[in-house]
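Worksheet: one structure, shown below.
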Amino acid sequence: MTTPRILMCPPDHYGIEYEINPWMNRSMGAIRALAFHQWKTLRDTLASLGVQVELLTPQPGLPDLVFTANAGLIYKDVFVSSRFRHEVRARESPYFDAWFAEHGFQVEHLPAGMYHEGAGDALFCGDTLFAGYRIRSDALAHQWVGQRFGIRVLPLELVNPRFYHLDTCFCPLSFDEALYYPPAFDTYGRRVLQTHIPKLIEVNDAEAHRFGCNAVVVGRTVVHNSRCPELAEKLAAAGYRSIEVELDEFLKAGGSAKCLTLRLDGEDAAGWKYQ
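Be aware that the sequence shown starts at 1, since it is given in the working numbering, and climbs by one per residue.
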């Protein structure tokens, strides 16, 4: 396997400055020094696993720039820039676009009128792109992505506002295995996952609310938020090594390990990696 490459953004300007999901509460705020310590621990953990971590320069006034997973969707050497539903996050896009253009990616944009929030709502498992819609991204935007790249896209309706992005409740582990939190999906969405992914590992309610599904997969190692003992046991039983990293300062904004990272070489489970 080639060296994994992940984009992260230091949390120099991270904070709870607005409320665009049920996790965010401006009166709670974030402890910046603790957030930086937790972010650095995640970065150092990934580096210890052989990941090449590349950095985006943080920008004042963009507290959520730290959540690089939402920058866009990467397929081979193409970067499809996100079209954010909330204007406060749309201001991030020029910085993401510039970084990807400078690093050799072909930057593309969705047609006007469509919302798509990148790898937060679009995750490969095998050769299929599973796509969350309703809360932040549109089903039509996912269809456009499928047509653009000639890939199979299976839309999944998200029905719980606390699990507003697909990566908060679903995590591919390999081409045929994934973590998921069933109550985040409607009945049809659960049936789609159960039909198309042979090995599904359920995450319980308490650990899903600690964003146990919002994990980073590096080979057979899964890095996820702390205090998820049942998840760790299930991962071990399935042959994975589990590493817990305390990320509660980012949970205040509705994010965790996966949200803080974007695979530059495509997700480990992407079907084209095996072609």
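Cβ atoms here follow ideal geometry from the backbone N, Cα and C, with glycine treated the same way.
None of these values were measured; they are calculated from a predicted model.
Is there contact between the segment 83 to 101 and the segment 56 to 73, where contact requires at least three CB pairs shorter than 8 Å? yes
Span separating the alpha-carbon of Trp39 from that of Pro11: For the purposes of this step, residue 39 is taken as residue 39 along the sequence shown, with counting starting at 1. For the purposes of this step, residue 11 is taken as residue 11 along the sequence shown, with counting starting at 1. The alpha-carbon atoms of Trp39 and Pro11 are separated by roughly 7 Å.
Buried or exposed by the 16-neighbour rule on C-beta atoms within 10 Å, applied to Ile197: Translated into the one-based positions of the sequence shown, residue 197 becomes position 197. It counts as buried.
Does DSSP classify Arg91 as helix, strand or coil? What you label residue 91 is simply residue 91 of the sequence shown in a count that begins at 1. Coil, per DSSP.
Between the alpha carbons of Asp127 and Gln147, how many angstroms are there, rounded? To locate residue 127, count along the sequence shown from 1; it is residue 127. To locate residue 147, count along the sequence shown from 1; it is residue 147. When rounded, the distance between both Cα atoms is 14 Å.
First through last residue of the beta strand (DSSP E) which encompasses Leu200: On the sequence shown, position 200 is the one that residue 200 refers to. Here the beta strand (DSSP E) through Leu200 covers Lys199 to Glu202.
Helix, strand or coil at Tyr274 [DSSP, three-state]: What you label residue 274 is simply residue 274 of the sequence shown in a count that begins at 1. A caution first: Tyr274 carries a pLDDT of 45, below 50, which makes its placement in the model too unreliable to give a value.
Below 7 Å CB to CB, which residues in the same chain sit around Leu235 once its five sequence neighbours on both sides are set aside? Translated into positions along the sequence shown, residue 235 becomes position 235. Closer than 7 Å at Cβ, skipping near neighbours: Val222 and Ser242.
For Ala101, which residues in the same chain have their Cβ closer than 7 Å to its Cβ, ignoring the five residues on either side in sequence? In the sequence shown, counting from the first residue as 1, residue 101 sits at position 101. Only Val107 meet the Cβ criterion.
Among His37, Ile31 and His13, nearest to Glu246 - alpha-carbon criterion: Numbered from 1 along the sequence shown, position 246 holds the residue referred to as residue 246. Nearest option by C-alpha distance: His37.
For the candidate residues Asn214, Phe105 and Leu65, whose alpha-carbon lies nearest to that of Val80? Along the sequence shown, one-based indexing puts residue 80 at 80. Comparing Cα positions, the closest option is Phe105.
Is it a yes or a no for the segment 203 to 215 touching the segment 250 to 267, going by three-plus beta-carbon pairs under 8 Å? Contact holds: three or more Cβ-Cβ distances are below 8 Å.
Go ahead and pull the three-state DSSP assignment for Val245. Looking up residue 245 in the sequence shown gives position 245. Judged by DSSP in its simplified three-state form, Val245 adopts strand.
Whole angstroms are fine: how far does the CA of Arg152 sit from the CA of Glu117? Translated into the one-based positions of the sequence shown, residue 117 becomes position 117. Translated into the one-based positions of the sequence shown, residue 152 becomes position 152. About 18 Å.
Would you kindly check if the distance between the Cβ of His13 and the Cβ of Pro60 is under 8 Å? In the sequence shown, counting from the first residue as 1, residue 60 sits at position 60. In the sequence shown, counting from the first residue as 1, residue 13 sits at position 13. Contact: yes.
For Asp176 and Trp23, I'd like the C-alpha separation in whole angstroms. Taking the first residue of the sequence shown as position 1, residue 176 is located at position 176. Taking the first residue of the sequence shown as position 1, residue 23 is located at position 23. Computed Cα separation, rounded: 31 Å.
What does the Cβ neighbour count give for Gln275, buried or exposed, with the cut at 16 atoms within 10 Å? Start at 1 with the first residue of the sequence shown, and residue 275 comes out as number 275. Any answer about Gln275 is weak, because its pLDDT of 42 lies below 50 and its placement is not dependable; what the coordinates show is given next. The residue in question, Gln275, is exposed, as its Cβ has fewer than 16 Cβ neighbours within 10 Å.
Exposed or buried, which one is Tyr188 when buried takes at least 16 other CB atoms within 10 Å? For the purposes of this step, residue 188 is taken as the residue at position 188 of the sequence shown. Classification of Tyr188: exposed, given that the 10 Å Cβ count is below 16.
Assuming Tyr240 and Arg227 make a contact with CB atoms under 8 Å, what is their CB distance in whole Å? As a position in the sequence shown, residue 240 is number 240, starting the count at 1. As a position in the sequence shown, residue 227 is number 227, starting the count at 1. At roughly 18 Å, the Cβ-Cβ gap does not stay under 8 Å, so Tyr240 and Arg227 are not in contact.
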